[in-house]
Amino acid sequence: MPNPKQIQNNKTAAPVNVFIDESGTLPDPKDRLIVISAVGIRNLKEANNIISRIKSSLRKTKKKEIKEIKFYYAGHNTKRQFLSGIVSANFDIFCLIVDKKGRKIADSPVNYAILLTEIVNEAVAWYKPIPIKVTSDRHFQSLYHQKELNNYLGNSVDKKTSQTIKHVDSQQNKVVNIADMAAGAIHWQYSGKNSQYYRLIKDNIISEKIVSWPSLKQKYMTNKKLTRTDASIHPSEIT
Numbered sequence: 007m008p009n010p011k012q013i014q015n016n017k018t019a020a021p022v023n024v025f026i027d028e029s030g031t032l033p034d035p036k037d038r039l040i041v042i043s044a045v046g047i048r049n050l051k052e053a054n055n056i057i058s059r060i061k062s063s064l065r066k067t068k069k070k071e072i073k074e075i076k077f078y079y080a081g082h083n084t085k086r087q088f089l090s091g092i093v094s095a096n097f098d099i100f101c102l103i104v105d106k107k108g109r110k111i112a113d114s115p116v117n118y119a120i121l122l123t124e125i126v127n128e129a130v131a132w133y134k135p136i137p138i139k140v141t142s143d144r145h146f147q148s149l150y151h152q153k154e155l156n157n158y159l160g161n162s163v164d165k166k167t168s169q170t171i172k173h174v175d176s177q178q179n180k181v182v183n184i185a186d187m188a189a190g191a192i193h194w195q196y197s198g199k200n201s202q203y204y205r206l207i208k209d210n211i212i213s214e215k216i217v218s219w220p221s222l223k224q225k226y227m228t229n230k231k232l233t234r235t236d237a238s239i240h241p242s243e244i245t
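Structure representation (structure tokens):
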């Protein structure tokens, strides 16, 4: 796929929508890897049409209403149909595969900010100078943790080409599920569980970075690349 710089070097170009989700967890030592996936989408209507077609197909076989389509709950045919839709729509995929090295890692705002920052900067570098609008599946339910996460993200994400990251409930914003499906397929590939879904989307992968958690954390913490934009907020101060 051509770099956007080769297509359109225009700072006034419409922003590319980038959706982010992960597969695997930081604290569970049974998860050897955690995969963060970002999917670049220029046409949101096309993305919503893909999801609508799949949900319509599922209604014919399921009695219950399908609230959202997640990789780990979807059947084989749904996975194939969904991932094939990503390919046919020519969406861009960026992924970060983090080897936890057997560690039980705290699921904290600062640690999750490291993962988000790394994958967002991959997308920023690819689309530059075209701006991007980032939407991430809401990772923390606590308002306190959400604010702490945004405090760290404020200084770490390239503000020249990316707006503030928006955190959403994937049941409300269904397009985020596209990133979930991509992350799940890539996670299964690298965990050795199944490679067939990864092969479906491989040609759409723009960036595929493999790192260890110790080296990734050192990159941000040693050089102070990740700092708060304001003072920490105590939970008692949140209404």
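Each residue of the sequence shown is one higher than the last, beginning at 7 in this note's numbering. Glycine is no exception: its CB is placed at the ideal position from the N, C-alpha and C atoms.
- Collapsing the DSSP output to three states places T141 in a strand.
- Looking at the backbone, the Cα of R144 and that of S90 are separated by about 25 Å.
- In the DSSP secondary-structure assignment, G46 is bridged to V24, D98.
- Of all alpha-carbon atoms in L149, I125, Q152, E154, the one lying nearest the alpha-carbon of V140 is that of I125.
- Residues of the same chain with a CB within less than 7 Å of the CB of P33, apart from the 5 flanking positions on each side, are K110, I111, A112, D113 in chain order.
- Segment contact: the segment 203-215 against the segment 34-41, fewer than three CB-CB distances shorter than 8 Å; contact not assigned.
- In chain order, D37 place their CB closer than 6 Å to the CB of T31, counting only its own chain and leaving out the 5 sequence neighbours on each side.
- Setting aside the 5 residues that flank it on each side, R48 is surrounded in the same chain by V22, each with a C-beta closer than 6 Å to its C-beta; the list follows chain order.
- A95 is a Cβ neighbour of E52, given a cutoff of 8 Å.
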